[in-house]
Amino acid sequence: MSEHNITTIPSTFRSKPVWLAGFVAVALQAFAPGPADAAGDLRTVAVADPYLEMHTGPGRGYPVFHIVDRGASVVIVMRRTDWYLVRTDDGTEGWVDRAQMELTMQPDGQKVSFERAGQDDFMNATWEVGILAGDFGGANIISVYGGYSLNPHVSIEVWGSQILGNFSNGWMGSVNVVHETWPDWRFSPFFTLGAGVIHTQPKSTIIQGADRTDQVGHVGAGFRIYATRRFVLRLEYKSYVVFTSRDENEEVEEWKAGFAFFF
Amino acid sequence: MESRIRVLFLSTLVVMLAGCAATKNLFDFGQENAAPPTAESPGQVIDPEVERREVKEPKIDTENFEVGGFVGLMSIEDFGSDFVYGARIAYHVTEGFFVEATVGQTEAGLTSFEVLSGGARLIADNERTFTYYNLNLGYNILPGEGFVGEGRAYNTSLYLVAGLGSTRFAGDDRFTVNFGAGFRFLLTDSVALHIDFRDHLFDIDLLGEEKTVHNLESHLGVTVFF
C-alpha cells in the first residue's frame, strides 16, 4: 500500500468538539444503521483515480482540503445527495463527489457502482411523491399524492387535498389510475381516472348550511416532465363530478401544477 | 386569489429557471461530453484480462432527510407578537434544491381596538390559536463555511424558501403563501442549527374589509439529518 497522506490545509481542518461527539453519537444511533467498517457492505473502496479529492462540504464550492493517493483505501461513511463522506485510514473525513467515487474499486479489483437517478428511473421508478397546487372551481387547492407504478405505463395514486375557497373550505381524498402512453418521453403525457370523497364546510358567516360529504368521480389529463435527478414537474387538468344528495350533480374543473420526486 | 396563485407560480418558475441556469453544473448538464479524466488509465488497478463481473452497489447510509423543531417569535398582523414553536422536515433532492414541510403554532393577542374598547372581542378566545402548515421548495443559494477561531470550520448555507399552505386562525382555514430565507449552520455533518425568517400572507376580512396580511416569523431551530 502506498503512502497516501499528501496535503492538509490547516485553515479548513475539520475538528469536532468533544461535547458534540456525545450528542451526535446519541442522535445518530437512532438513525444510522451501524458502524461503517464492515467489508461485506462494500463500504471500503480503493482509489483507482490518480487521487481522490476530499472537499470540506457536500457541494462543488467547498474547497479541497485533502487528497488520497491511488491505491489507498477509504471507508464510505454516508451519502448526501450526490456527495459521499469518506474516512481515510488516519481518520480524516471529507466529501467526495459521485463522479470521483465511480472511479474507485473494491479491494479485490471489482468495480463499484454508485446509484444515480436519471431519465431511465423517471420511467421505471416504483414510487413517486409530489405536491401540487392550483385552482379548484374558483377555490385554491393544495394536494399531496403518493403513486405506485405497476409498470412503466400504469400507476395507482392516492391523493389528499385541502380546498380553501371564499365561501367554503374542504378536504378531498381520491384514488386514481394513471396511464402514460409514452413513458420514455421527457414530456410524458398521461390520462387519469379516479374516484373519491369530498368533504365541504361552508363558511358559517356567509352561507347557512351544514357540512357535506359527497362522492366524486373524475377524469383528467396532464404532463409529467422530467426535470433532473429525481425531480419531476407535473401539470394537470381534472374534471370532477360531485354526486350530491340534491337533484343535480355538481361539476368542477381543476387546474394544478407542482413537482414530484421518484424513488 | 387566483391572480396570486398565478403570480406565485410564475415567480416560482422564474426562481427555478434562474436557479437551474446558475447551477447547471450541479445537475451535470455540462458534463455529458467530458469523458472522466482518467477513464483510460487505471491500468495498475484493473487487470484487463479479468472477466467482467457483476457490478455491486455498496450499502451506504444515505442522509438526505432533515427533521427538527424550532422556537421563535411570530407577529400576527393587528394581533401582536407571541412565542411560536413548530417542526420541520426537509428532503434534499440535490445539493441545491430541497423540499420542506413545516407546521407551527402561536397565539394571537389583542388588537388595539380590543384593548381600547375595554370588553369588546373581535374573536373568541379559542379562535386565537394560530396554526399553520406549509409545503415549500427551497434552494441553497450561498453555501459556505463559517470559521470559529483559528482551528474550526463549520459548513453553513444561506437558503431561500417559498411555498403554499394553510393557516387556521379566527375560526377559518386560510390559503397561505409563505416565503423567506434561512441560515443553516452544520455543527457536525448530521446536526444543524437554523435561523429562519418567514412571511406568511393570507387574506382576512375580520376588521371590516378584506385585506392581505403579513405575518412575520423568526425562529431558531435544530435539525438532524438521517
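One line per chain: the protein sequences are C and D, in this order.
Everything in the first sequence is counted per this note's numbering, starting at 814 for the first residue and increasing by one.
Everything in the second sequence is counted per this note's numbering, starting at 44 for the first residue and increasing by one.
Where is the CB? At the ideal position from N, CA and C, for every residue including glycine.
Rounded Cβ spacing between residue i and residue j (contact assumed at less than 8 Å)
{"i": "Y1050/C", "j": "G1035/C", "result": "6 Å"}
{"i": "I1038/C", "j": "R999/C", "result": "7 Å"}
{"i": "A1070/C", "j": "L945/C", "result": "6 Å"}
{"i": "G939/C", "j": "G983/C", "result": "A quick correction: the sequence has Thr, not Gly, at residue 939/C. Actually they do not touch by this definition, with Cβ atoms about 31 Å apart."}
{"i": "E138/D", "j": "T894/C", "result": "5 Å"}
Residue-chain proximity (residue i, chain D), Cβ-Cβ < 8 Å
{"i": "Q932/C", "result": "no"}
{"i": "W998/C", "result": "no"}
{"i": "K1051/C", "result": "no"}
{"i": "P871/C", "result": "yes"}
{"i": "A1034/C", "result": "no"}
{"i": "T901/C", "result": "no"}
{"i": "L865/C", "result": "no"}
{"i": "I1038/C", "result": "no"}
Residue span of the beta strand (DSSP E) that contains residue i, given as start and end
{"i": "Q1028/C", "result": "1025-1041"}
{"i": "E150/D", "result": "140-150"}
{"i": "E993/C", "result": "981-993"}
{"i": "I166/D", "result": "Note, I166/D: premise wrong, no beta strand (DSSP E); not H, not E."}
{"i": "D862/C", "result": "D862/C -> no beta strand (DSSP E), and no H or E assigned at all."}
{"i": "Y757/C", "result": "Residue 757/C is absent from the model: chain C starts at 814 and stops at 1076."}
{"i": "V925/C", "result": "Element bounds for V925/C: n/a, residue is neither H nor E."}
{"i": "F108/D", "result": "108-119"}
{"i": "T1057/C", "result": "No beta strand (DSSP E) contains T1057/C, which DSSP labels as neither H nor E."}
{"i": "Q1014/C", "result": "1000-1015"}
Delimiting residues of the alpha helix (DSSP H) encompassing residue i
{"i": "D934/C", "result": "932-937"}
{"i": "R911/C", "result": "911-914"}
{"i": "L153/D", "result": "From DSSP, L153/D is part of no alpha helix (DSSP H); its letter is neither H nor E."}
Of the listed residues the options, nearest to residue i (C-alpha basis)
{"i": "G943/C", "options": "S926/C, W972/C, N964/C", "result": "W972/C"}
{"i": "E1064/C", "options": "L865/C, Q913/C, G950/C, K924/C", "result": "G950/C"}
{"i": "V256/D", "options": "A130/D, N107/D, I238/D, T219/D", "result": "T219/D"}
{"i": "E143/D", "options": "T172/D, G206/D, F268/D", "result": "G206/D"}
{"i": "F140/D", "options": "E150/D, V110/D, Y202/D, G129/D", "result": "Y202/D"}
{"i": "G947/C", "options": "L865/C, E1066/C, A1073/C", "result": "E1066/C"}
{"i": "G986/C", "options": "N964/C, Y958/C, L1006/C, P965/C", "result": "Y958/C"}
{"i": "G251/D", "options": "F108/D, N183/D, F156/D, T172/D", "result": "F156/D"}
{"i": "L916/C", "options": "A861/C, G978/C, T994/C, T901/C", "result": "A861/C"}
{"i": "N177/D", "options": "L229/D, A167/D, F245/D", "result": "F245/D"}
{"i": "T231/D", "options": "V265/D, G208/D, E253/D", "result": "V265/D"}
Same chain, Cβ closer than 8 Å to residue i, five either side skipped, listed in chain order
{"i": "F240/D", "result": "G223, A224, G225, L259, E260, S261"}
{"i": "G904/C", "result": "none"}
Cβ neighbours of residue i in the same chain (closer than 6 Å, five flanking residues each side left out)
{"i": "V837/C", "result": "The pLDDT assigned to V837/C is 48, lower than 50, so where the model puts this residue is not dependable, and the model offers no usable value."}
{"i": "V899/C", "result": "V887, I889, V909"}
{"i": "T174/D", "result": "Q148, R211"}
{"i": "A64/D", "result": "For A64/D, the predicted model reports a pLDDT of 48, less than 50, meaning its position is unreliable; a value from the coordinates is still stated below. Correct list: empty, nothing qualifies."}
Beta carbon proximity, residue i to chain C, threshold 8 Å
{"i": "E143/D", "result": "no"}
{"i": "H135/D", "result": "yes"}
{"i": "N107/D", "result": "yes"}
{"i": "L153/D", "result": "no"}
{"i": "R217/D", "result": "yes"}
{"i": "D239/D", "result": "no"}
{"i": "S209/D", "result": "yes"}
{"i": "N169/D", "result": "no"}
{"i": "D121/D", "result": "no"}
CB contact below 8 Å: residue i versus chain A
{"i": "R164/D", "result": "Of the chains in the structure shown, none is chain A; the protein chains are C and D."}
Contact test: residue i Cβ vs the ligand GDP heavy atom, cutoff 7 Å
{"i": "F1056/C", "result": "No copy of the ligand GDP occurs in the structure displayed, which carries no ligand at all."}
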